[in-house]
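2 protein chains.
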Amino acid sequence: AARRGGREMAAWARAVRGLLLDVSGVLYDSGGDGGVPIAGSVEAVRRIKASGLKLRFCTNETQATREQFVKKLQGMGFDISVAEVTAPAPAACRILKERSLRPHLLVHNDLVPEFAEIDKTNPNCVVIGDAAENFTYANLNEAFRVLIGMEKPVLISLGRGRYYKETDGLKLDVGAYMKALEYACDIQAEVVGKPAKMFFESALAEMGIPPQQ
Amino acid sequence: AARRGGREMAAWARAVRGLLLDVSGVLYDSGGDGGVPIAGSVEAVRRIKASGLKLRFCTNETQATREQFVKKLQGMGFDISVAEVTAPAPAACRILKERSLRPHLLVHNDLVPEFAEIDKTNPNCVVIGDAAENFTYANLNEAFRVLIGMEKPVLISLGRGRYYKETDGLKLDVGAYMKALEYACDIQAEVVGKPAKMFFESALAEMGIPPQQ
């Protein structure tokens, strides 16, 4: 193990030009109180930046705007800015604009401002995120009715996570509710966010580093 | 069309010895006010019974006990008794007893009495039905935590319907929530109720008519 440390870096490691870092569950554990940093992670981000490596924070976080998310992380001591964050909502907004889609939103209240510029009248698609407390029986039925009323239902899902841990226990993630709507409508959702290839490619493009195999 | 009516019955029709009738959406449309009979269905049940054919009501209804369900239908004018109804909850209870399973219930409040005889302490499986208003974010997370805490999660689903119509609109059915839990836990639910083969076979056995191809 000692050989791998210090200056005796392997060839593959010397070839690394940038890093994509996950955030929730990697840099910090989320929870009702805002969450707590995972031991060593604040220092790790500082060292990566000091090393000259490029760095982006690549998250499926959809319970807050990037502004709120970054502010929370800064409050925990992380060196992070909004411009360094790749998140599903802005990526979804690009898709909505490109395809003239007007979403019915089933998302967390705190994410709604990310869609401020998007026309939401007379919806022709549904966007689902980790809506948490907004995953009510009434809201799920409403999203379903919007979908089933379309000739060809379009469901855009901000991630496809199964579940995650908060300080008060495990919670079902957006992927579970995505599956419920997929099954009810007999459709396939389009996933924006990890693990979609296009999402990682966006993050690389934002770093200015081409993908390599 | 006239040839098919009256006494000129086809050979296959003369071979029919009994009928399984679906109920919700076939005999009546359900809704918050109890629902309304579908035109001609009260008379159809009367004529089937008068014809001497055996008859069972085969339902995936899990929003009420059979007693409540039958009472509602009688109130609409249907000739129906509890002993004529094949429903998922009693079938599930047989399975629970046979396999010594102690369920955590995610079902409609009105269905709970069907499980009165079942030991529900220290659950080692989850039973999901059409819980309707009980499909809350908190209840779904709780059912998920019970499942994911098991070495080998057992999920028993009372039906796998996608959605149904009530007088005030379409509602997601138990199948959608079943899929959410299946995906989150990476498991397959065991379905009790239509379209499970065993469920139809039970109904036939209760009528005393052997299955034929």
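The listed protein sequences derive, respectively, from chains A and B. Just add 59 to the spot in the first sequence (first one is 1) and you have the numbering used here. Just add 59 to the spot in the second sequence (first one is 1) and you have the numbering used here. Note that the Cβ used here is the ideal one computed from N, Cα and C, for glycine as well. None of these values were measured; they are calculated from a predicted model.
Inset, instruction - For PRO162 (chain B), name the three-state secondary structure that DSSP assigns. - result: strand
Legend entry - Proximal chain B residues relative to ASN200 (chain A), where beta-carbon distance stays under 9 Å: TYR222, GLY228, LEU229, LYS230 and LEU231
Legend entry - Partners in chain B for ARG153 (chain A), counting only beta-carbon separations shorter than 8 Å: Under the 8 Å cutoff, chain B gives no residues; its nearest Cβ is about 27 Å from ARG153 (chain A).
Legend entry - Residue span of the alpha helix (DSSP H) that contains ILE187 (chain A), given as start and end: No alpha helix (DSSP H) contains ILE187 (chain A), which is instead part of the beta strand (DSSP E) from 184 to 187.
Legend entry - Cut-off 6 Å between Cβ atoms - residues of its own chain near CYS117 (chain A), not counting five sequence neighbours on either side: LEU79, THR145 and ALA262
Inset, instruction - Using the Cα positions of ILE187 (chain A) and GLY218 (chain A), report the straight-line distance between them to the nearest angstrom. - result: 9 Å
Inset, instruction - Using beta-carbon positions only, say whether ALA255 (chain A) and MET237 (chain A) come within less than 9 Å of one another. - result: no
Inset, instruction - Starting from the C-beta of LEU206 (chain B), find all residues in its chain whose C-beta is less than 7 Å away, skip the five residues before and the five after it, and write them out in chain order. - result: VAL185, PRO212, LEU214, LEU240 and CYS244
Legend entry - Closest by C-alpha distance to PRO270 (chain B), when choosing among B:GLY220, B:PRO96, B:ALA74 and B:VAL171: B:ALA74
Inset, instruction - Give the straight-line distance between the Cα atoms of ALA202 (chain B) and ALA72 (chain B), rounded to the nearest whole angstrom. - result: 46 Å
Legend entry - Close Cβ partners of CYS152 (chain B) (< 8 Å) along its chain, the five nearest in sequence each way excluded: GLU173, PHE174, GLU176 and ILE177
Legend entry - Separation of LYS230 (chain A) from PRO147 (chain A), as counted between CA atoms: 19 Å
Inset, instruction - Starting from LYS238 (chain B), find everything on chain A with Cβ-Cβ shorter than 7 Å and list it in chain order. - result: LYS238, ALA239 and TYR242
Legend entry - Ranges of the alpha helix (DSSP H) found wholly within the stretch 64 to 150 of chain A, counting only runs of at least 4: 70 to 74, 100 to 109 and 125 to 134
Inset, instruction - Can you tell me which of B:PHE258, B:GLU143, B:SER216 and B:GLY94 puts its alpha carbon nearest to the alpha carbon of HIS167 (chain B)? - result: B:SER216
Legend entry - Cβ pair count under 8 Å reaching 3, the stretch 108 to 122 of chain B against the stretch 82 to 90 of chain B: yes
Inset, instruction - To the nearest angstrom, report how far apart ASP227 (chain A) and MET135 (chain A) are at their CA atoms. - result: 19 Å
Inset, instruction - Give every residue of the same chain whose Cβ lies closer than 8 Å to the Cβ of LEU160 (chain A), excluding the five residues on either side of it in the sequence, and list them in chain order. - result: ILE154, ASN183, CYS184, VAL213 and ILE215
Legend entry - Residue span of the alpha helix (DSSP H) that contains GLU249 (chain B), given as start and end: Run containing GLU249 (chain B): none in the alpha helix (DSSP H); it sits in the beta strand (DSSP E), 249 to 251.
Inset, instruction - Could you check what DSSP says for GLY234 (chain B) in three-state terms: helix, strand or coil? - result: helix
Legend entry - Cutoff 9 Å: TYR196 (chain A) Cβ touching any chain B Cβ: yes
Inset, instruction - Mark LEU112 (chain A) as exposed unless 16 or more other C-beta atoms lie within 10 angstroms of its C-beta, in which case mark it buried. - result: exposed
Inset, instruction - Verify the CB distance criterion: does PHE203 (chain A) have a CB-CB separation below 9 Å to chain B? - result: yes
Legend entry - chain A within 9 Å of GLY234 (chain B), Cβ atoms only: yes
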